[in-house]
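The opening position of the sequence shown corresponds to residue 3 in the numbering used here, with each subsequent residue numbered one higher.
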Amino acid sequence: MTGGGGRPAGALVILRCGHATTIQDAGRPGFARLGLAPGGAMDRRALHAANALVGNAPDEAAIECAFLGLEVRLEGGPARLALAGARARMRVNDVPVADHTSFVMQDGDRLVIGRADGGMYVMLAVAGGLDVPMVLASRSTDLRAGIGGLEGRALRPGDRIVLRTVAGASGPQRVTCPVALAETEPVRIVAGPQWEMFGEPAHEALLTNGFVVSHAVDRMACRLVGPPLSRAVLCDMISEPTTPGAMQVPPDGAPLIMMADRQTIGGYPRIACVISADLERLAQRPPGAQIRFTLVTIEEAEAAARSRRAWRPTVHPLRDAALLDLECVGDAAVSALAAETWDHLAPTGS
3 MTGGGGRPAG
13 ALVILRCGHA
23 TTIQDAGRPG
33 FARLGLAPGG
43 AMDRRALHAA
53 NALVGNAPDE
63 AAIECAFLGL
73 EVRLEGGPAR
83 LALAGARARM
93 RVNDVPVADH
103 TSFVMQDGDR
113 LVIGRADGGM
123 YVMLAVAGGL
133 DVPMVLASRS
143 TDLRAGIGGL
153 EGRALRPGDR
163 IVLRTVAGAS
173 GPQRVTCPVA
183 LAETEPVRIV
193 AGPQWEMFGE
203 PAHEALLTNG
213 FVVSHAVDRM
223 ACRLVGPPLS
233 RAVLCDMISE
243 PTTPGAMQVP
253 PDGAPLIMMA
263 DRQTIGGYPR
273 IACVISADLE
283 RLAQRPPGAQ
293 IRFTLVTIEE
303 AEAAARSRRA
313 WRPTVHPLRD
323 AALLDLECVG
333 DAAVSALAAE
343 TWDHLAPTGS
């Protein structure tokens with residue numbers, strides 16, 4: 003594989019990563035009949051923002067890191083990269099770099115991404131994309147099916163991910179507003195198909211009490227801790243197709259919310275469903291985070307979905323430093339007009 007000018011494409015070598023680090027794009031919808039969940043990035047906004055920063059198409063595949071960070075070395079190059087999603091401290095060769103800002107790495111440079119701060123998932127995009135095979139129209143990793151990404155598995159130290167092009171050596175750096183997590187706002191839900199099976203006490207508990215994200219959370223489901231949601235009507239159910247955001251309630255009453263890699267059918271009753279516009283915010287809530295719910299109508303959920311589909315990351319070309327009062331630290335771009343970038347001047351730790 004060669005990049006512009008006939009140069010060989012570079013590669014990212016994984017030096018350190020968490021066990022849930024995978025390659026994800028927009029997923030592969032339309033294969034539930036085969037038992038395959040759509041999958042894809044847990045926070046699609048973060049995927050779109052990272053790709054916008056490096057000039058890729060919105061749904062280009064990127065590396066998804068869950069909470070624990072990442073360390074990589076660039077072979078070949080140069081290459082332009084960007085990180086978006088939860089806040090995380092970064093260093094290139096021990097020089098601080100701001101997240102939600104594109105930056106250039108050279109051959110042999112080492113990038114260290116620390117733990118996610120205030121969220122769960124970060125997306126690392128590279129200009130030109132990652133050279134992994136398309137499987138059923140997607141490069142996303144499906145761990146249960148063993149397809150997509152790199153050999154259908156999570157990334158591990160020693161892996162070498164070839165880049166599809168050598169890109170990013172020229173052009174202005176750009177900065178975008180970080181993806182807002184809106185931690186204090188309630189998560190919106192609509193009534194599920196088995197809403198009436200639970201009765202008023204469970205409805206009141208769901209809508210008036212807070213819940214906590216448990217440590218039993220992954221790409222398949224988010225388990226919540228809180229008041230048990232007891233059914234008023236007890237009966238056996240035939241398994242039904244699942245939907246993203248479906249809130250299933252097993253016999254112990256602790257709700258399970260279906261996420262990107264959910265099973266395609268399930269037999270637990272569904273008291274509610276998180277609306278699509280809020281599912282990414284929920285995915286970013288780490289274990290121990292407080293969650294509140296509010297009930298909305300189908301019409302309100304559809305309006306929120308239309309607004310979410312119209313959302314695009316705001317990317318600003320960086321102008322002359324004297325005009326914008328920018329302080330550049332190595333490859334970092336820190337704007338005096340954007341307070342969210344200031345803390346990246348502090349000493350970092352992984």
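Note that beta-carbon positions come from the ideal geometry of N, C-alpha and C, so glycine has one too.
Residues of its chain near residue i, where Cβ-Cβ distance is below 7 Å and the 5 sequence neighbours each way are ignored
i	result
V137	I149 and G150
G131	N58, E62, A63 and R166
N95	D111 and R112
T164	A small correction: the amino acid at residue 164 is Val; Thr does not occupy that position in the sequence shown. So the qualifying residues of the chain are M3, A11, A13 and D133.
A207	P229 and L231
V15	V74, R75, E77 and R162
S216	R225, L226, V227 and P289
Coil, strand or helix - residue i by DSSP
i	result
L157	coil
M261	coil
R283	helix
S104	coil
V134	coil
A90	coil
D144	strand
A13	strand
T266	coil
P98	strand
T316	coil
R166	coil
A171	In this prediction, A171 has a pLDDT of 43, which is less than 50 and means its spatial position is unreliable; nothing more can be read from the coordinates.
Limits of the unbroken beta strand (DSSP E) element including residue i
i	result
E66	A64 to A68
R112	R112 to I115
Same chain, Cβ closer than 6 Å to residue i, neighbours up to 5 away in sequence not counted
i	result
G57	A129
G255	P230, L231 and S232
A248	M260, R272 and C275
P60	H50 and N53
T296	P188 and R190
C19	L72 and L157
P315	H50, A51, A54 and T178
T24	E66, T143, G151 and A156
Q26	G42, A43, E66 and S142
S278	A307
G212	Q292 and R294
Where the alpha helix (DSSP H) through residue i begins and ends
i	result
I300	I300 to A312
Which residues DSSP lists as bridging residue i, in chain order
i	result
Y123	A68
S278	According to DSSP, S278 bridges with nothing at all.
D151	In the sequence as displayed, the identity of residue 151 is Gly instead of Asp. The partner list for G151 (beta bridge, DSSP) is empty, contrary to what the question assumes.
I273	In the DSSP output, where bridge partners are listed per residue, I273 has none listed.
A354	Examination of residue 354 is not possible in this model, given that the chain is present from 3 through 352 alone.
R75	V15 and R112
CB contact check: residue i to chain B, cutoff 8 Å
i	result
T316	Within the model displayed, chain B is absent; a lone protein chain is all it includes.
Sequence-distant residues of its chain with Cβ nearer than 8 Å to residue i (five each side left out)
i	result
A218	R225
D109	G12, L76, E77, G78, G79 and P80
Just to confirm the assignment: which complete alpha helix (DSSP H) runs, minimum length 4, are found wholly within the region 180–255? Counting whole runs of 4 or more residues, the region 180–255 contains the alpha helix (DSSP H) stretches 201–210.
Within the region 15–70, ranges of the beta strand (DSSP E) (whole runs, at least 3 residues): Those beta strand (DSSP E) runs which fall completely within the region 15–70 and span 3+ residues are 24–26 and 64–68.
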